[in-house]
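Number of protein chains: 2
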Amino acid sequence: MSKDTLPGLTLCNNAMLRRAARKLGQFYDDVMAPSGLKATQQGLLYQIHIGNEPAMGAIAASLIMDLSALGHTLKPLIRDGYVETFADPDDRRIKRVRLTPQGLVKLDEAMKLWHIAQQRFEDVAGKEQAERLRAALDHIAALDFDLPPAAP
Amino acid sequence: MSKDTLPGLTLCNNAMLRRAARKLGQFYDDVMAPSGLKATQQGLLYQIHIGNEPAMGAIAASLIMDLSALGHTLKPLIRDGYVETFADPDDRRIKRVRLTPQGLVKLDEAMKLWHIAQQRFEDVAGKEQAERLRAALDHIAALDFDLPPAAP
DNA sequence: TTCATTTAGTGGCATATGCCACTATCTTGA
DNA sequence: TCAAGATAGTGGCATATGCCACTAAATGAA
Numbered sequence: 046m047s048k049d050t051l052p053g054l055t056l057c058n059n060a061m062l063r064r065a066a067r068k069l070g071q072f073y074d075d076v077m078a079p080s081g082l083k084a085t086q087q088g089l090l091y092q093i094h095i096g097n098e099p100a101m102g103a104i105a106a107s108l109i110m111d112l113s114a115l116g117h118t119l120k121p122l123i124r125d126g127y128v129e130t131f132a133d134p135d136d137r138r139i140k141r142v143r144l145t146p147q148g149l150v151k152l153d154e155a156m157k158l159w160h161i162a163q164q165r166f167e168d169v170a171g172k173e174q175a176e177r178l179r180a181a182l183d184h185i186a187a188l189d190f191d192l193p194p195a196a197p
Numbered sequence: 046m047s048k049d050t051l052p053g054l055t056l057c058n059n060a061m062l063r064r065a066a067r068k069l070g071q072f073y074d075d076v077m078a079p080s081g082l083k084a085t086q087q088g089l090l091y092q093i094h095i096g097n098e099p100a101m102g103a104i105a106a107s108l109i110m111d112l113s114a115l116g117h118t119l120k121p122l123i124r125d126g127y128v129e130t131f132a133d134p135d136d137r138r139i140k141r142v143r144l145t146p147q148g149l150v151k152l153d154e155a156m157k158l159w160h161i162a163q164q165r166f167e168d169v170a171g172k173e174q175a176e177r178l179r180a181a182l183d184h185i186a187a188l189d190f191d192l193p194p195a196a197p
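In order, the protein sequence lines correspond to chains A and B. Take the position in the first sequence, starting the count at 1, then add 45; the result is the number in my numbering. Take the position in the second sequence, starting the count at 1, then add 45; the result is the number in my numbering.
Shown next, in the form of structure tokens:
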């Protein structure tokens, strides 16, 4: 196969996913910029908000994110006073997370912008398509890629 | 609306996209680990390979990636001797990129692993579904979110 | 030709994410 | 009860990505 006829990156599921994520991330970030939050941060604040003072591990699990990555991502939000953590009294290994009052205010502000971005996306991409896409992405996130171990 | 009944993050197109990207990225990275390349690096090497000594701007455009981000991402690959750059003789602003011989060898090695990951993904997710997903993602990447300027 | 404008990249700074080694806690089995 | 093993997070290091200010080079208009 000559190099000139090689298929592009459109064949790689992972590459396409990342590429679309960059595109959409830029758009959502753009719209959210006035709040001073990135879309990822807004999403994280929201996840904390809807959780019941969730443990870090629980947040990481629902976002399918490495626990240490979550810790890093949380740092600027704690530094800026939007989030605070406290040890679970029943198990001091567990660190729980909650929004501060300012965090709640900031989340409200960010959610307004999020709605704008979300609406604009669905206007452009189509509401049905967006819904199907989210379902497909949720499905992927739930897949199990482990090879079944040889049954004993 | 009570906090307990708030919808989860499954409603945000961007959050779902990032979440799926983390999941799939972890899987592809896992499979590619023996090559010492991350999936992103393999994708970048491939993109350089199929291009005709592409300019940095051209690569960034096809990957929908910030030009400076591409520059950063390229650094470890240059440091490890897989990629080299040279100024375009006709326009010295332009910097072109190509694989070194070792880069080509490494890409071959990585592509073998990529095929395994890709195959496994399509086994688990379904070949048809994967194809539809890639098409949907490509569609999103091509969208234009700009609000139409008020017609003069 | 000359200077303003546009184009292509770079470098610095900041967030996003992951892996690994290590610490602090719980849990459990002897 | 106590030591081995499992759990939850942290910190360090590395890559992934973006924005902004700045430089170099080409283009275009006066």
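Positions of the beta carbon are idealized from the N, C-alpha and C atoms, including for glycine. Predicted model, so just to flag it, every value in this text is computed and none were measured.
{"Query": "Host beta strand (DSSP E) of B:K172 (start-end)", "Result": "Counting along the chain, B:K172 falls outside any beta strand (DSSP E), though it belongs to the alpha helix (DSSP H) covering K172 to A187."}
{"Query": "Element boundaries [beta strand (DSSP E), containing B:I139]", "Result": "Looking at the DSSP string, B:I139 is not in any beta strand (DSSP E), and its letter there is neither H nor E."}
{"Query": "A:E167 beta carbon near the ligand ZN (any heavy atom closer than 7 Å)", "Result": "With respect to the ligand ZN, the structure shown offers nothing to examine, as it has no ligands at all."}
{"Query": "Same chain only: Cβ atoms within 8 Å of B:A186, ignoring 5 sequence neighbours per side", "Result": "I109"}
{"Query": "Residue range of the alpha helix (DSSP H) that includes A:D133", "Result": "Taken as a continuous stretch (DSSP letters only), A:D133 belongs to no alpha helix (DSSP H), being part of the beta strand (DSSP E) at V128 to D133."}
{"Query": "Test item: CB-CB of B:L56 and A:L182 under 8 Å", "Result": "no"}
{"Query": "Opposing strand residues paired with B:L144 [DSSP bridges]", "Result": "B:V128"}
{"Query": "Residue-chain proximity (A:M61, chain B), Cβ-Cβ < 8 Å", "Result": "yes"}
{"Query": "Meets three-Cβ-pair contact criterion under 8 Å: the region 136-145 of chain A and the region 140-160 of chain B", "Result": "no"}
{"Query": "Where the alpha helix (DSSP H) containing A:A103 begins and where it ends", "Result": "M101 to L108"}
{"Query": "Inter-residue Cα distance where the pair is B:Q92 and A:L188", "Result": "28 Å"}
{"Query": "Distance, A:M77 Cα to B:N59 Cα", "Result": "12 Å"}
{"Query": "Per-residue DSSP class, three states only, for A:G116", "Result": "helix"}
{"Query": "Beta-carbon proximity list for B:F131, same chain, < 6 Å, skipping 5 on both sides", "Result": "R141"}
{"Query": "B:Q87, buried or exposed, once every other Cβ within 10 Å from all chains shown has been counted against 16", "Result": "buried"}
{"Query": "Chain B within 8 Å of A:Y127, Cβ atoms only", "Result": "no"}
{"Query": "Member of B:E167, B:M156, B:N97 and B:T145 whose CA lies at the smallest distance from the CA of B:G126", "Result": "B:T145"}
{"Query": "Local conformation of B:D168 per DSSP, three classes", "Result": "helix"}
{"Query": "Cβ neighbours of B:L26 in the same chain (closer than 8 Å, five flanking residues each side left out)", "Result": "With chain B covering 46 to 197 only, the question about residue 26 of chain B has no answer from this structure."}
{"Query": "Residue closest to B:T85, alpha-carbon to alpha-carbon, out of B:A175, B:T118 and B:V169", "Result": "B:T118"}
{"Query": "Option in A:S80, A:L178 and A:Q164 with minimal Cα separation from A:A65", "Result": "A:L178"}
{"Query": "Extent of the continuous alpha helix (DSSP H) to which B:D191 belongs", "Result": "Here B:D191 belongs to no alpha helix (DSSP H), and DSSP marks it neither H nor E."}
{"Query": "Which of helix, strand or coil DSSP assigns to A:D74", "Result": "helix"}
{"Query": "B:A180 vs B:E167 beta-carbon contact at 8 Å", "Result": "no"}
{"Query": "Min CB distance A:Q147 to chain B below 8 Å", "Result": "no"}
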